[in-house]
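Student: Have a look at the structure that comes next, please.
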Amino acid sequence: MEYIIPHYFDRFRCVAAECEDTCCAGWAIMIDEESLEKYKNMEGSLGNRIRNSIDWENGSFCQYEKRCAFLNEDNLCDLHMEAGEHMLCKTCKDYPRHMEEYEGLREGSLSLSCIEAAKIILGCKEKVQFHHFEDEVEDEEYEDFDFLLFTKLMDARDKIIEVLQRREIDIMMRMSLCLDLAQRMQDALDKEELFQIDEMLEQFGSMDEILAFQKKADGNLIGENEYCQTVRKMFRIWGQLEVLKEDWPDDIKRAEKCLFGEGQSGFEKNHKAFHKTYGLKSGHNEEWSIWLEQLMVYFVFTYFCGAVYDDSILGKMQMAVVATFLIQELTIAKWIENGGSMDFNQFVDIAHRVSRELEHSDVNLVRFEKICKKTLIFQSQQLLRVVLY
Ligand code: SF4
């Protein structure tokens with residue numbers, strides 16, 4: 003079996019009781035078959051407790067007030083404390099390490115939803131590199147695995163990450179180029195002309211292509227009003243997703259009030275002020291651009307090649323761009339709320355909360371991508387104009 007992991011993968015250490023958050027609340031922790039079997043046969047009082055604390059129909063731990071039944075008042079896991087790490091189910095043992103599975107390949111990542119992992123991912127100043135290695139585990143055969151498409155996706159993802167890491171180019175331009183490529187790849191796939199992708203990748207990121215793209219984009223810029231409307235629509239996505247953490251809807255409402263409460267002129271004034279003091283037009287430009295780059299690299303690495311299972315190349319890129327944008331806008335809202343100040347820890351907090359609401363729920367991941375695909379304003383040409391605003 004071949005494996006690919008980001009270079010920071012092994013840096014993660016769980017801080018357990020010191021954690022300012024907990025990963026054992028707000029989502030159903032699914033239990034793997036092997037652990038369910040183990041729990042079924044466990045003896046003693048802990049065995050009884052565990053059998054009464056499992057939702058056997060769903061194969062997950064029961065929750066009380068959205069907290070795992072084993073999470074105690076000190077935010078520690080009773081199962082871990084009483085029985086040891088070996089009795090944890092796979093989800094709890096692995097988290098926040100996440101594996102995407104393909105035929106002959108497993109890709110590991112750290113989930114942005116864990117605040118300590120988020121600090122590593124977003125605190126990475128260097129360009130992320132990916133390590134490849136193999137072990138003796140036999141490859142599993144997948145029925146109907148489209149190797150040709152997968153190879154194109156892997157080649158494209160390498161190029162996309164390369165372009166996302168070209169720091170001499172404005173980050174919004176890098177995001178736009180990737181979105182544009184995803185649109186063209188989707189068109190080629192829909193027309194069953196996959197062979198065209200090789201040519202696209204050869205050109206992708208060349209100076210000629212970037213200049214031509216810039217020229218086209220300059221003639222099609224978005225107005226301030228349209229930008230504000232699009233961001234509003236992005237926020238409406240949350241209303242269509244399941245809520246994982248109870249305080250999330252209130253956080254969103256507060257952020258919306260900060261961003262849109264003073265009407266469009268207030269929205270514009272605040273955006274300009276943010277970018278001049280903290281964002282892309284400020285002395286923090288380099289830092290801010292790297293954070294956005296790391297978000298995009300994270301989403302692209304984790305999800306882009308998953309298009310092999312649903313043919314949704316553009317959907318994966320739209321999701322990466324919209325999620326990154328939402329994190330940016332929530333950060334601006336926090337900056338307004340703070341009276342014009344912001345730091346790395348607050349950015350990390352926002353990113354990990356967005357990730358938790360989005361990535362801890364398969365329903366939300368699918369719905370989010372569907373909304374991005376079907377909402378006119380998030381279609382690639384429209385979204386491009388928003389990104390380049
Ligand atoms: S959120 Fe991360 S650091 Fe915190 S307890 Fe869970 S795994 Fe550990």
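Take 3 as the starting number for the sequence shown in this note's numbering and just add one per residue.
Backbone N, C-alpha and C fix where the C-beta goes; we use that ideal spot for every residue, glycine too.
Is the segment 32–39 close to the segment 356–372, with three or more CB pairs under 8 Å?
Tutor: no
Student: By Cβ distance, which residues of its chain are closer than 6 Å to Val389, with the 5 residues on each side in sequence left out?
Tutor: Contacts found: Met174, Met177 and Ser178.
Student: When DSSP labels each residue in this structure, what does Ile31 get in the three-state scheme?
Tutor: coil
Student: Ordered along the chain, which non-local residues of its own chain (more than five positions away) have a Cβ less than 8 Å from that of Gln266?
Tutor: Glu226, Asn227 and Cys230
Student: Cβ of Ala353 within 9 Å of Cβ of Leu297?
Tutor: yes
Student: Who sits around the ligand SF4, taking every residue whose Cβ is closer than 6 Å to one of its heavy atoms?
Tutor: Cβ-based neighbours of the ligand SF4 within the cut-off: Cys16, Val17, Ala18, Cys21, Asp23, Thr24, Cys25, Tyr97, Pro98, Cys116, Ile117 and Glu118.
Student: Mind checking whether Trp293 and Phe349 have CB atoms under 9 Å apart?
Tutor: yes
Student: When you compare the CB of Lys121 with every CB in chain C, is at least one pair closer than 9 Å?
Tutor: Of the chains in the structure shown, none is chain C; there is only one protein chain.
Student: With respect to the beta strand (DSSP E) encompassing Pro98, which residues constitute its N-terminal and C-terminal limits?
Tutor: Unbroken run through Pro98: none, as it is neither H nor E.
Student: Counting beta carbon pairs with one atom in the segment 311–329 and one in the segment 199–209, are three or more of them shorter than 8 Å?
Tutor: no
Student: Quick one: what does DSSP say Leu38 is sitting in, helix, strand or coil?
Tutor: Reduced to three states, the DSSP call for Leu38 is helix.
Student: Taking the Cβ atom as the reference point for each residue, do Leu246 and Glu359 lie within a distance shorter than 9 Å?
Tutor: Yes, Cβ-Cβ distance for Leu246 and Glu359 is below 9 Å.
Student: State buried or exposed for Thr210, treating a residue as buried only when at least 16 other CB atoms are found within 10 Å of its CB.
Tutor: Checking the sequence shown, residue 210 turns out to be Asp, not Thr. By the neighbour-count rule (16 or more Cβ atoms within 10 Å), Asp210 is not buried but exposed.
Student: Mark Leu81 as exposed unless 16 or more other C-beta atoms lie within 10 angstroms of its C-beta, in which case mark it buried.
Tutor: buried
Student: Between the Cα of Leu386 and those of Leu183, Glu331, Ala85 and Thr333, spot the shortest distance and give me the residue it belongs to.
Tutor: Leu183
Student: Using beta-carbon positions only, say whether Cys26 and Cys79 come within less than 9 Å of one another.
Tutor: yes
Student: Where does Arg169 land, buried or exposed, given buried means 16+ other C-beta within 10 angstroms?
Tutor: exposed
Student: Using the C-alpha atoms, what's the distance from Ala214 back to Asn222?
Tutor: 13 Å
Student: Buried or exposed: which applies to Tyr280, given that a residue is buried once 16 or more other Cβ atoms fall within 10 Å of its Cβ?
Tutor: buried
Student: Between Ala71 and Ser47, is the Cβ-Cβ spacing less than 9 Å?
Tutor: No, the pair does not count as a contact, with Cβ atoms beyond the cut-off.
Student: Name the DSSP beta bridge partners of Phe370, please?
Tutor: Paired residue(s): none; Phe370 is not in a bridge.
Student: So, using beta-carbon positions, are Lys42 and Met89 closer together than 9 Å?
Tutor: The answer is no: Cβ separation not under 9 Å.
Student: Measuring only the C-alpha atoms, how far is Gly268 from Asp192?
Tutor: For Gly268 and Asp192, the distance between alpha carbons rounds to 42 Å.
Student: If the criterion is Cβ atoms closer than 9 Å, does the pair Ala257 and Ala190 meet it?
Tutor: no
Student: Considering only the beta carbon of each residue, do His133 and Phe11 sit closer than 9 Å?
Tutor: yes
Student: Use the C-beta contact count for Cys180: other C-beta atoms within 10 angstroms, 16 or more gives buried, fewer gives exposed.
Tutor: buried
Student: Starting from the C-beta of Asp137, find all residues in its chain whose C-beta is less than 8 Å away, skip the five residues before and the five after it, and write them out in chain order.
Tutor: Met3 and Tyr5
Student: Once you ignore the five residues that flank Ile122 on each side, which residues in its own chain have a CB closer than 7 Å to its CB?
Tutor: Tyr10, Arg13, Phe14 and Leu112
Student: To the nearest angstrom, how far is the alpha carbon of Glu84 from that of Leu114?
Tutor: 29 Å
Student: For Glu138, does the three-state DSSP call read helix, strand or coil?
Tutor: coil
Student: Counting C-beta neighbours from all protein chains within 10 Å, is the total for Ser343 16 or more, i.e. buried, or is it exposed?
Tutor: Label assigned to Ser343: exposed.
Student: In or out: Lys217 buried (at least 16 other Cβ within 10 Å) or exposed?
Tutor: Lys217 is classed as exposed because its beta carbon has fewer than 16 other beta carbons within 10 Å across all chains shown.
Student: Tell me Gln330's beta-bridge partners as DSSP assigns them.
Tutor: Paired residues: none, contrary to the question.
Student: Taking C-beta to C-beta, are Glu105 and Phe147 nearer than 9 Å?
Tutor: Glu105 is a Cβ neighbour of Phe147, given a cutoff of 9 Å.
Student: For Ser111, which of helix, strand or coil comes out of DSSP?
Tutor: strand
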